[in-house]
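Below you'll find the structure, written out as structure tokens, and then a few comments.
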């Protein structure tokens, strides 16, 4: 692998005399080697970046990350160490116009630095594969949650419990299987503390498995650019004890039965529920529905102000138009970013309910 | 275009300023045209970046709305890739590769000019798409979001078609030139490594870019005619866009970094006064990267809905790419070892390239490992990684090459003092900007967001301040490169005492390059060997000082 | 430019013509372009209901395939003619190529019109999207080829193409044969496969 | 038509173009006929015939059988890259 130039003579006379590795260099190489090992082991053992994961999958990923961090740190120290040493050691004396040592290659070295990285790669690939297989392992008692993403809101349906929520609640230490689908563009479900991320596609189901191991509340972040409201497409994942999970669940069931019972009498409750289920709350603030979205106009008092927006348009007509054809009127200071297809997404009955609900916001 | 209005030095034996403004077939003119235009876009893309970094000083900054912000990073990415790094390397290669090969021009001079002039409508359309708004789906333009965005997106796609054709034609031209037009005696193993690198780059351009073209045609037709290729709502396949897009766009990373490898392989031996270490392995690894680079694209899609089983083979191929890359790094380190290093600005940038590219390479291994990628995909970790590769790698190498060949191109040296200021501001500013982004990503900040959780603010402030330093650092270079046209030290034919054929010609070279075809009996890296010593000592080497 | 370089130790120590080498590289690039479009077509077809291709007129297209193959043959005959220095035969064969290519294109346009009239549109179905995109791109290549052929004919009539200049015909021939090869593959994939 | 003319051209013998044409035409006819015959495994047969036809054109009309092997190398590399792309898109 060494020479590309036929006249071997010129090489021999230049390769032999200078000491490519003198005593100092050998010492420095040794020191760099030791430093690399120490730094690598240190970085691997005290990985300062990824620790305290809140899921069992995350713990495995963190362990893999630590090992990789250790290896990367070692390589980093070796390369930068030799680079820095060379810069100091081999810098030209002023006025020295001579050339360096004319050697062109060293087959042994080249084999070493091809083979060692290759071995590392094999190790990492095997290790990564094992972790991958483990973190995606199904469990018999998985709690299934159907996740629906849309611009710019999350919704979580628990088929076994027949419950829908805008937050993901998970019982501690029980594996949750998320079966995810998007209504419009590609989103990505990500909870950094769980280390789990998965794109949510409009044309196919994707799955993610998470076992929460630390009680707490963690942000759900959309990680795939999904439009103007991408930054605001957030929710929360709550890991709670089995008892807390049960009481949360009963609370929801209670609210639902109350809502269902009250439906004929109270269209407002139905509207409130739709406002959340339809994802309106992701972008619009409305105190009555506990919504605090920032992307679109505030809807507190819309029942009164709607009549004043467009000359000759009644409050009801204005609200209806704003839902099904939102770009007809854009409130100053806001962008024309609301999805245009709520007319198709929502059954007409639901649009009516929403309009009545919003009209009631005096 | 100010750079071409020189103090009369970039005349190439009688060029007028107006020659640089029209369809001219001289590869040297075209090279300068590419360089000037692409540098202007570097500034434009940089200003966009500064605007975004300023916006990110506070977590909920109202200055840029979500829509404008999305369009800004879309255009920032598109401009930096398609109108700065790729054409700037094309420009530099256009100027130096024929000279290095001992050729009088490219194989197809008219096609060469056409390649450049296709870039101009592409650039104009891209700017227009930004100003009418709508191209807000990132430079990756994932469908169906890229079907939902407004009209600027269509213009964006059309502009990339122009740029794509430009790339294909220039790749074709380089391949034929390198294959067919080498000086007598220049066998493949005597060819400069820059030529090897550009040949590898050209292979990717020829085989990768048409796939992007195909995908873009389908996107345009989908948007304009309603052919629902990618429209999930009508049964189309959004993942197909990702597959086609990354089939080009991952190799495109190598389009942007192989020329950098070439430049480093030229610059390091000259300033270490030593032969390049392991010539054959460096040359072969360029080709290995070019071909293997086509087999890794799906690592961008580990978290997408693609078949989970496919992730493992793609993880393996992605990691394997690290091996030839590592070989190059180690070979450069061995080239420095035992040298007589001269710390010219060019060499500083080259050494910084090695140092920074290693970081980008190592973070790449993290991303190739599927379980870790599941966590860091689409976060600031990726932003940090790609900037270490494309700025710490490609742009550092670009500057190394510009400082190295500027005297050949203009006949005058860039000022070394201001060069060092440029280097240190760039190097320090770059690291302050992008190092913290690794941590941001690991801790949970997604990319492409105009507002973020408050706990990420401190590191964002650090990154933004670093970016100000980085941006300011470009000013000395701009001033230097213009002022040096008149004031720079006269370079002479061979200011670096280098062995490449381009240094046997006067600076700048005459219009038709080599009056008599040079003959070659060795590679240009024999520093320290007797033959090279004789050659450099000869007072009147062809076109010598 | 090619002639500027004296015989050098090239790879495989054979001198290849710049234009011919350039055309082969260009064709390699075209392979990738058509592959991406064919990938799109196959994917769309797989997502379409069975029998989506029943609207297509196989016998007519078989005749069209035959015409294109014939035009490929006339190009290669034209090349043989000019290699023998027979400029008249060159001109005639090129004219035949233009005529046959023109027929192919016209029949394709006729089929398009017919299909559109039957409500088979690019926007109406995924199969339609794939069909019109791939065949349209091929048609565009035929059209460009016809333009090149016309330019060659003009040069041939002006007597600019001599035996020493046969490379122009050969390079055009490579392009035209490639367009033919693409059609041979498309005909099978689009019209014949179930 | 065949190698009768020595010409100034390379020593390579000119293939019999008419024969190639006849083969292509015949194969096209068989291809079309096959789809009307029940019981024939259409996919493998048709793909093989189409490949054979393409090779005939490439080898004889485009002279890849006698021209520089570099051209073949350049032309066939893309096919290797396309296979994984097609496979992944369809999986």
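Chains as they are written, first to last, in our numbering: chain A, 19 to 380; chain B, 9 to 553; chain C, -10 to 183; chain D, 102 to 192.
Heads up, the beta-carbon is just placed ideally off N, CA and C, and yes, glycines get one too.
DSSP three-state assignment for residue i, whether helix, strand or coil
i: residue 197(A); result: strand
i: residue 209(A); result: strand
i: residue 554(B); result: Nothing can be reported for residue 554(B): it is not among the residues displayed for chain B, which extend from 9 to 553.
i: residue 301(A); result: coil
i: residue 240(A); result: strand
i: residue 537(B); result: coil
i: residue 176(A); result: strand
i: residue 217(A); result: strand
i: residue 101(B); result: helix
i: residue 230(A); result: strand
i: residue 156(C); result: helix
i: residue 355(A); result: coil
is_contact[residue i, chain C] using C-beta, thresh 8 Å
i: residue 9(B); result: Its pLDDT being 34, under 50, residue 9(B) is placed unreliably in this model, and the value from its coordinates should be taken loosely. Output row for residue 9(B): interface = no.
i: residue 127(D); result: no
i: residue 223(B); result: yes
i: residue 219(B); result: yes
i: residue 151(D); result: yes
i: residue 470(B); result: no
i: residue 183(D); result: yes
Below-8 Å beta-carbon distance, residue i vs any chain D residue
i: residue 199(B); result: no
i: residue 306(B); result: yes
i: residue 215(B); result: yes
Cβ-based neighbour list, residue i, same chain, cut-off 7 Å, excluding 5 preceding and 5 following
i: residue 110(B); result: 190, 191, 194, 509, 522, 525, 526, 528
i: residue 218(B); result: 176
i: residue 119(C); result: 29, 30, 33, 34
i: residue 30(A); result: With a pLDDT of 42 at residue 30(A), under the threshold of 50, the predicted position of this residue should be treated as unreliable, and no value is reported.
Residue i at chain B interface by Cβ criterion, 8 Å
i: residue 44(A); result: no
i: residue 102(C); result: no
i: residue 159(D); result: no
i: residue 21(C); result: yes
i: residue 122(C); result: yes
i: residue -9(C); result: Residue placement at residue -9(C) is flagged as unreliable, the pLDDT there being 37, under the threshold of 50; a coordinate-derived value is accordingly withheld.
i: residue -2(C); result: Below a pLDDT of 50, predicted positions are generally treated as unreliable, and residue -2(C), at 38, falls in that range; no measurement from the model is reported.
For residue i, the nearest candidate out of the options (CA to CA)
i: residue 73(A); options: 189(A), 184(A), 134(A), 39(A); result: 189(A)
i: residue 385(B); options: 372(B), 504(B), 415(B); result: 372(B)
i: residue 170(B); options: 224(B), 211(B), 142(B); result: 224(B)
i: residue 168(B); options: 256(B), 346(B), 367(B), 47(B); result: 256(B)
i: residue 299(A); options: 290(A), 309(A), 291(A), 200(A); result: 309(A)
i: residue 232(B); options: 101(B), 160(B), 313(B); result: 160(B)
i: residue 150(D); options: 162(D), 179(D), 181(D), 133(D); result: 133(D)
i: residue 476(B); options: 31(B), 58(B), 53(B), 48(B); result: 58(B)
i: residue 177(C); options: 54(C), 166(C), 18(C), 145(C); result: 54(C)
i: residue 128(A); options: 537(B), 286(B), 486(B); result: 286(B)
Beta-carbon contacts of residue i that lie in its chain and below 6 Å, excluding the five residues immediately before and after
i: residue 93(B); result: 264, 402
i: residue 195(A); result: 160, 162, 227
i: residue 50(C); result: 180
i: residue 237(B); result: 226, 230, 244
Below-8 Å beta-carbon distance, residue i vs any chain A residue
i: residue 108(B); result: no
i: residue 506(B); result: no
Own chain residues within Cβ distance below 8 Å of residue i, not counting five before or after
i: residue 106(B); result: 35, 112, 113, 114, 185, 189, 521
i: residue 316(A); result: 302, 303, 304
i: residue 162(C); result: 64, 65, 67, 68
**Q.** Selection of the segment 247 to 258 of chain B by Cβ proximity to chain D, strictly under 7 Å
**A.** 248, 251, 255
Q: With 9 Å as the limit, tell me which residues of the segment 275 to 305 of chain B have their beta carbon closer than that to any beta carbon of chain D; keep them in chain order.
A: 299, 302, 303, 305
Q. Mind listing which residues of the segment 30 to 54 of chain C have their C-beta closer than 8 Å to chain D's C-betas, in chain order?
A. 31, 32, 35, 47, 48, 51, 54
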